[in-house]
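Engineer:
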Amino acid sequence: MLPAPSIYASISYPSLPLPSPILYKSIAGSSIISQFCLDACQMDQILPQKFVLEAQEAESISQYLNLPSVQHLLPRLVQSAQSLARPPISNFHVGAVGLGSDGRVFIGVNLEFPGLPLHHSVHAEQFLLTNLALHGCPQLLSFAVSDAPCGHCRQFLQELRNSSSLGILVTSHVQGNLDKSLSFKPLSEILTNPFGPHDLLSEEIPLLLEPHNNGLSLLPKKALYVEGNSTNLCNGNCELSACNENSVKLSSGNREKNEKDEILLRKAALEAANNSHAPYSGCPSGVALMDSEGKVYRGSYLESAAYNPSLGPIQAALVAFLAGGGVGYKGIVAAVLVEKEEAKVKQEDTARLILKAVSPRCEFTVFYCRSAESGCKK
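Residue 192 in the numbering used here is what sits at position 184 of the sequence shown, and the numbering runs on without skipping anything.
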């Protein structure tokens, strides 16, 4: 029985045409194919901007390259995936390419944010798992990555069901012919004596990539005290302010809203919070972003048993923005966070900090929610 589809499966991403057989044949017959990647210009046509290859695309490419399986394609895409990374601080590009249980191939890259503490960065493996969640893929079978996963990421991968058997190939460690040396090591070999969900959760609790329903609903409207003024808001706090490129008036605590856009953002953020993986703190949350074209991107808080490797909802939403075709962060003009008002783990300050750094003209609003008694545990 297949798990219920993720709420993110309904998101519409830009689709690109399947590269022609002529292109595949020219790639397969080329003498300039490196052991780890295809020609960069050819790969630009193969790797779609949505950071996903559909199962049929991946299978077709593998066949034209005379590869034994789609898994053999993963390391060949790693170097091209690295070019999609955004590490302006370290200039160290990391690319991860994973195979989902539904046959699709997913891309993950590292993201860094100048002016912010390093711990707000997104690791390639975190991006990869968030990308699977965005597209409703229920399981990651294996992945190839340009450099060995750090301890932070090895711990984050523990949130997957049967994580010990997850296959990992580090392309920088491969010696000799790639096709003959292809050997994916299980996570259990690179993270011995692990601590993870099995130490803290009962078997019926859903893990990362599995369907979640936190049973959240928004609190009713009420007046809040905002920056010295008593303002009637939808239980929210709007602090970032300016005018975006479309000349939409954005003013702190008192703005002209497009009712349709506000409803879309609020609904998307609530859905993201309901899909949040937060079994350890019981503090699910979600963020929805809107760009200047009116497209909405959402991200869920993804918790780790070890706490520190957890991925915040604003970072997850930025992953969705990039995976959904977003280019410059400054194109983000509005953001909504949904979280519990009395949560022990709150995301508001971090979300505001990151948004000010990446898109200072973005308007940010917080909406509080409540859950059923067992909502966060189901």
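For glycine and all other residues, C-beta sits at the position ideal for the given N, C-alpha and C.
With distance defined between alpha-carbon atoms, name the residue in A296, S98 and G320 nearest to E270.
Structural biologist: Considering only alpha carbons, the answer is A296.
Engineer: On the DSSP letters alone, give me the boundaries of the alpha helix (DSSP H) that V86 sits inside.
Structural biologist: L82 to Q90 is the span of the alpha helix (DSSP H), which, as asked, contains V86.
Engineer: Could you name the residues that DSSP lists as bridge partners for T373?
Structural biologist: DSSP lists V344 as partners of T373.
Engineer: Count the other CB atoms within 10 Å of the CB of P292; is the residue buried (16 or more) or exposed (fewer)?
Structural biologist: Its Cβ being crowded by 16 or more others within 10 Å, P292 is buried.
Engineer: Span of the beta strand (DSSP E) holding G116?
Structural biologist: From DSSP, the beta strand (DSSP E) with G116 extends over V113 to V117.
Engineer: Rank H181, N201 and P202 by C-alpha distance to the C-alpha of F192 and give the top, closest one.
Structural biologist: The shortest Cα separation from F192 among H181, N201 and P202 belongs to H181.
Engineer: Which residues in the same chain as C161 place their Cβ atom closer than 6 Å to its Cβ, once the five residues preceding and following it in sequence are excluded?
Structural biologist: Closer than 6 Å at Cβ, skipping near neighbours: H131 and E133.
Engineer: Could you tell me the distance, in whole angstroms, from the CA atom of I362 to the CA atom of S98?
Structural biologist: Computed Cα separation, rounded: 18 Å.
Engineer: Mind checking which residues open and close the alpha helix (DSSP H) that includes L326?
Structural biologist: Taken as a continuous stretch (DSSP letters only), the alpha helix (DSSP H) holding L326 covers P321 to A331.
Engineer: Quick check on the DSSP output: the beta strand (DSSP E) that includes S308 runs from which residue to which?
Structural biologist: That run of the beta strand (DSSP E) goes V304 to S308.
Engineer: Could you check if A380 is buried or exposed, using at least 16 other CB atoms within 10 Å of its CB as the buried criterion?
Structural biologist: A380 comes out exposed.
Engineer: Got a sec, what are the start and stop residues for the beta strand (DSSP E) V366 sits in?
Structural biologist: Here V366 belongs to no beta strand (DSSP E); instead the alpha helix (DSSP H) covers E356 to V366.
Engineer: Taking DSSP's pairing of strands, which residues face G108 in a bridge?
Structural biologist: Answer by DSSP bridge pairing, in chain order: L148.
Engineer: Entirely within the stretch 128 to 181 and at least 3 residues each: give me those beta strand (DSSP E) ranges in chain order.
Structural biologist: The qualifying runs are 148 to 153 and 175 to 178.
Engineer: Which residue or residues does DSSP assign as beta-bridge partners of P194?
Structural biologist: Paired residues: G175.
Engineer: Look at the Cβ atom of G307, then the Cβ atom of V335, and state whether they are nearer than 8 Å.
Structural biologist: No, Cβ-Cβ distance for G307 and V335 is not below 8 Å.
Engineer: If you measure between the beta carbons of A342 and T138, is that distance less than 8 Å?
Structural biologist: Cβ atoms of A342 and T138: not closer than 8 Å.
Engineer: Would you decide whether G103 is buried or exposed? Buried here means 16 or more other CB atoms lie within 10 Å of its CB.
Structural biologist: Counting Cβ neighbours within 10 Å, G103 comes out buried, since at least 16 surround it.
Engineer: What would DSSP say about H285, mapped onto helix, strand or coil?
Structural biologist: Of the three classes helix, strand and coil, the one that applies to H285 here is strand, per DSSP.
Engineer: Using three-state DSSP, classify C251 as helix, strand or coil.
Structural biologist: With a pLDDT of 31 at C251, under the threshold of 50, the predicted position of this residue should be treated as unreliable, though the coordinate-derived value follows. In this structure, C251 counts as strand in the three-state DSSP scheme.
Engineer: Tell me, which residues are paired with G103 by DSSP?
Structural biologist: DSSP, once it has assigned bridges, lists V117 as partnering G103.
Engineer: Assess, as a yes-or-no matter, whether the stretch 214 to 224 is touched by the stretch 354 to 371 under the definition of 3 or more beta carbon pairs within less than 8 Å.
Structural biologist: Too few Cβ pairs lie closer than 8 Å, so no.
Engineer: Please report how far the alpha carbon of S171 lies from the alpha carbon of N74, in whole angstroms.
Structural biologist: Distance between the alpha carbons of S171 and N74 is about 30 Å.
Engineer: Would you identify the three-state DSSP class for A296, choosing helix, strand or coil?
Structural biologist: Strand.
Engineer: Below 8 Å CB to CB, which residues in the same chain sit around F329 once its five sequence neighbours on both sides are set aside?
Structural biologist: Around F329: L297, D299, Y305, Y337 and I340.
Engineer: For L224, name the three-state secondary structure that DSSP assigns.
Structural biologist: Three-state DSSP puts L224 in a strand.
Engineer: Per DSSP, what kind of secondary structure is V60 in: helix, strand or coil?
Structural biologist: Of the three classes helix, strand and coil, the one that applies to V60 here is strand, per DSSP.
Engineer: Could you please give the first and the last residue of the uninterrupted alpha helix (DSSP H) stretch that includes P205?
Structural biologist: It spans P205 to L208 - the alpha helix (DSSP H) in which P205 sits, taken as one unbroken run.
Engineer: Might you give, ordered along the chain, the residues of its own chain that have their beta carbon closer than 7 Å to the beta carbon of S225, omitting 5 neighbours on each side?
Structural biologist: Excluding residues within five positions, the ones whose Cβ falls inside 7 Å are C377 and R378.
Engineer: Exposed or buried, T200, counting other C-beta atoms within 10 Å across all chains shown (16 or more means buried)?
Structural biologist: Per the 10 Å Cβ criterion, exposed.
Engineer: Using 10 angstroms around the beta-carbon of N267, count the other beta-carbons present and answer buried if the total reaches 16, otherwise exposed.
Structural biologist: First, the residue type needs correcting, since residue 267 is Glu and not Asn in the sequence shown. With fewer than 16 Cβ atoms within 10 Å of its Cβ, E267 is classed as exposed.
Engineer: Identify whether S77 lies in helix, strand or coil by the three-state DSSP scheme.
Structural biologist: Of the three classes helix, strand and coil, the one that applies to S77 here is coil, per DSSP.
Engineer: Would you call the CB atoms of L273 and V344 closer than 8 Å?
Structural biologist: It is a contact, given that the beta carbons lie within the stated cut-off.
Engineer: Does the distance from the CB of L81 to the CB of V117 come in under 8 Å?
Structural biologist: Cβ atoms of L81 and V117: not closer than 8 Å.
Engineer: From F135 to F203, what does the alpha carbon distance come to, in whole angstroms?
Structural biologist: The straight-line gap from Cα to Cα measures roughly 22 Å.
Engineer: Taking its Cβ as the centre, do 16 or more other Cβ atoms sit within 10 Å of H127, making it buried, or is it exposed?
Structural biologist: Flag for H127 reads exposed.
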